[in-house]
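See below:
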């Protein structure tokens, strides 16, 4: 299969396998240099990129206009067109995002736990980049900058594949990235944006085990599922955000109400919003009327188990089995009355998605047990699930949230894009 | 396909898929309980297992005798028979190993980095088990106890698949494990040893993504390659141990000699022994004669680059390209004279296996640069690569050495068998 690769400097037709292989080799070479680049150089590159974006706003917006026009002609939905749009405010946000990344501590080279062993050697760990990171995302062109920035700061080369509808915007942004890298004296292939809309490029990318160390898909469930099932390279991902708040019978009423409401209604389309509210039977009589009123006031559609429905059959529809495993991403909430915390934990571990779950309780022992037993990437006590976020956790920025257990778990920031190697310091030590 | 499953309690014929699926489900259920078992209970189980092994020595040795007899009849090599043998000393070592695991701190539930955020929530990390670990190993039956003990202590259920030639020994050991678990009140399926020699069981195991969280192969390269290529479950592995010592031109001669000799000759068949010695051109004249003498005194066969051969063409044969990428696991050493550290680092990153590499130098800046740039799981300064070992690093015990970057890297001990989840403590906090 042949594709036309178009950019400012060259225009030629190459085989897609060759094209991707070349991207991989260039990324690997760039990663070798970037892995031990000094913080000053990486920060200079990030600031250069920010300046270039500021300087070339006009061009970025006009290229984005080409994408928007094509999107409209192709009949893209309004929501999709909104994600595609690069307004002045969003360009400002891209620039601010880069400056924030500059302000974060450089994780690479950090040495920890350096301790003397009985043999006399000193053993510790040094934080190192992963190498080459492949990122596959959808329509938002600003992800190009987020992803490039985080990978660069963490010393990783990146190969970025954005949505086909954003290709002109992404290429315009990419030229600013290249310029910033070159000005800082870094290889321009530290970041590469795939310049073809051919889906074959993704299939190829997911098999490049020799040149890509980890793949991060960012987008809807179908994208992530496809990537996870096809990739032979390790994937950092989360599929669903089926989050819960459990109101224990020893909960403070005010906290229970505030947290349940905030966790559902702060924003509906985000992965850390709850889909199911679990209420202990013994407190249900006391809190359900207020909960029902608060949610119906906010126009949240309620679906409940038979016990929940009994509180207000007019306000709560009967939930079916599927409701307990559905990420609505919408103003819909399922409510289940449980006998006790034991039943709540079992429900969460069985129906949840290991994302974020919170208990509201004043009971010390139950709080401890809930924290231990709930098998999710974030487990909370008396706090809203809306806090599950890289910025709120102090990671500075996040590239995604991982619900897997190996390597990164929870919000993935700069640390999640690194690994650690052992270092051993001796003074001529040999092992007897 | 049908197989006969034989054990003391039941004897029946089942489908291998069904059999493995049952093992998986039982492991998952056991893992749920084990994941929050108290340290006292896990330690009691480990000590019970140790007692049971001590008590049933006679039986273990007689079952091992059955395996040894079958091995001899099948014409197994002497080295293989030696690995298979369970002597009294090795049984003692198994018991001691369990007691050492008891003495290690329990990693599960450990909370770290718990810090207040500007929003008022407190965010930290809690260490948690991975879940179910599948371990595939070869002829040594004592691995059954090492693996079961480390998985148990780290709160993970395990499914163990030993070598077919050790099946009677493994089953005899396993009965002690079951007894110890039951006495401690833990589910007996916390540890399961596959009771069939059918290779199909391994193929099946490697696809059980729903019930197994991570696979650890322990054994020769062909086993590990097969597991890595067939498994759809994440694998913690190392393939080769192509380790290097680089003698910098600012090395102390004595340290250089001691370290090079120890790193090669302490033991030949281990992964942390060096295969290639790199010597800076400027120091070669001064150290090569001593090195050649020391190695030839130890009957180590030397193969060198043209510059190395020139020092003693009688003692050093010409190395070919393959020599730089071969794990000899034998008294053979390749020697290359390099221009400088730059060339040494490039050689190591290109030809090494990211296992363990050491520089001998008195130069501060070069030591720092070597530590940063060598992309291996252990990087050392003035210390023998023989130190790359879980016990030497203070991990207490190791289940293997990982040369991958994701998740565990270097010697994998209890920590490597766990993950971390975020915990958030609030006091009714909601996100604005």
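Chains as they are written, first to last, in our numbering: chain A, 1 to 432; chain B, 1001 to 1432.
Where a beta carbon is used, it is the ideal one built from N, C-alpha and C, also for glycine.
Query: Nonlocal neighbours in the same chain, by C-beta distance under 8 Å from residue 1317 (chain B), ignoring five residues either side; Result: 1301, 1302, 1303, 1304 and 1309
Query: Any 3 or more C-beta pairs closer than 8 Å across the segment 1410–1417 of chain B and the segment 1243–1257 of chain B; Result: no
Query: Against chain A: residues of the segment 1412–1426 of chain B by CB proximity under 7 Å; Result: 1419, 1420, 1421, 1422, 1423, 1424, 1425 and 1426
Query: Contact with chain B by residue 364 (chain A), beta-carbon distance below 8 Å; Result: no
Query: Whole-angstrom distance between residue 151 (chain A) and residue 19 (chain A), CA atom to CA atom; Result: 22 Å
Query: Alpha carbon of residue 199 (chain A) to alpha carbon of residue 16 (chain A), nearest angstrom; Result: 10 Å
Query: Rounded separation between residue 420 (chain A) and residue 1354 (chain B) - CA only; Result: 13 Å
Query: Closest residue to residue 145 (chain A) among A:128, A:113, A:129 and A:180 (Cα-Cα distance); Result: A:180
Query: Members of the segment 117–148 of chain A that neighbour chain B once the beta carbon cut-off is set at 8 Å; Result: 117, 119, 121, 123, 126, 128, 130 and 131
Query: 8 Å Cβ cutoff, residue 1342 (chain B) in contact with chain A; Result: no
Query: Inter-stretch contact at 8 Å, needing at least 3 Cβ pairs: the segment 1216–1223 of chain B / the segment 1188–1198 of chain B; Result: no
Query: Distance, residue 1376 (chain B) Cα to residue 110 (chain A) Cα; Result: 16 Å
Query: Own chain, CB closer than 7 Å to residue 1166 (chain B), minus 5 neighbours either side, in chain order; Result: 1067, 1084, 1139 and 1141
Query: Counterpart residues of residue 1356 (chain B) in DSSP-defined beta bridges; Result: B:1378
Query: Residue environment, residue 113 (chain A), which counts as buried when at least 16 other CB atoms sit within 10 Å; Result: exposed
Query: DSSP beta-bridge partners of residue 1141 (chain B); Result: Residue 1141 (chain B) is not bridged to any residue.
Query: Interface residues of chain B facing residue 155 (chain A) [CB-CB closer than 7 Å]; Result: Chain B residues near residue 155 (chain A): none, gap ~10 Å exceeds 7 Å.
Query: Cβ pair residue 37 (chain A), residue 186 (chain A) closer than 8 Å; Result: yes
Query: Cutoff 8 Å: residue 430 (chain A) Cβ touching any chain B Cβ; Result: yes
Query: Cβ distance (whole Å) where residue 108 (chain A) is taken to contact residue 155 (chain A) below 8 Å; Result: 4 Å
Query: Test item: CB-CB of residue 1393 (chain B) and residue 132 (chain A) under 8 Å; Result: no
Query: Minimum Cβ-Cβ distance from residue 1212 (chain B) to chain A less than 8 Å; Result: no
Query: Interface positions of the segment 222–255 of chain A facing chain B (Cβ-Cβ less than 9 Å), listed along the chain; Result: 234, 236, 252, 254 and 255
Query: Enclosing alpha helix (DSSP H) for residue 174 (chain A) [first to last residue]; Result: 167–183
Query: Contact residues within the segment 1368–1386 of chain B, judged by C-beta distance below 7 Å to chain C; Result: Here chain C cannot be found, since the structure's protein chains are A and B.
Query: Helix, strand or coil at residue 266 (chain A) [DSSP, three-state]; Result: coil
Query: Entirely enclosed beta strand (DSSP E) segments - the segment 292–318 of chain A, minimum 3 residues; Result: 301–304 and 316–318
Query: Residue 1020 (chain B) - partner residues in DSSP beta bridges; Result: Paired residue(s): none; residue 1020 (chain B) is not in a bridge.
Query: Residue 1329 (chain B): contacting residues in chain A (beta-carbon distance under 7 Å); Result: Under the 7 Å cutoff, chain A gives no residues; its nearest Cβ is about 18 Å from residue 1329 (chain B).
Query: Boundaries (first-last residue) of the beta strand (DSSP E) holding residue 37 (chain A); Result: Premise fails: residue 37 (chain A) is in no beta strand (DSSP E) and is neither H nor E.
Query: Chain-ordered chain A contacts of residue 1209 (chain B) [CB-CB under 7 Å]; Result: Correct list: empty, because the minimum Cβ distance to chain A is about 10 Å.
Query: Under the three-state DSSP convention, the category residue 1126 (chain B) falls into; Result: strand
Query: Delimiting residues of the beta strand (DSSP E) encompassing residue 218 (chain A); Result: 214–218
Query: Residue nearest to residue 241 (chain A) in terms of C-alpha spacing, selected from A:82, A:402, A:416 and A:426; Result: A:402
Query: Same chain, Cβ closer than 6 Å to residue 1284 (chain B), neighbours up to 5 away in sequence not counted; Result: 1337
Query: Closest residue to residue 54 (chain A) among A:39, A:30 and A:97 (Cα-Cα distance); Result: A:97
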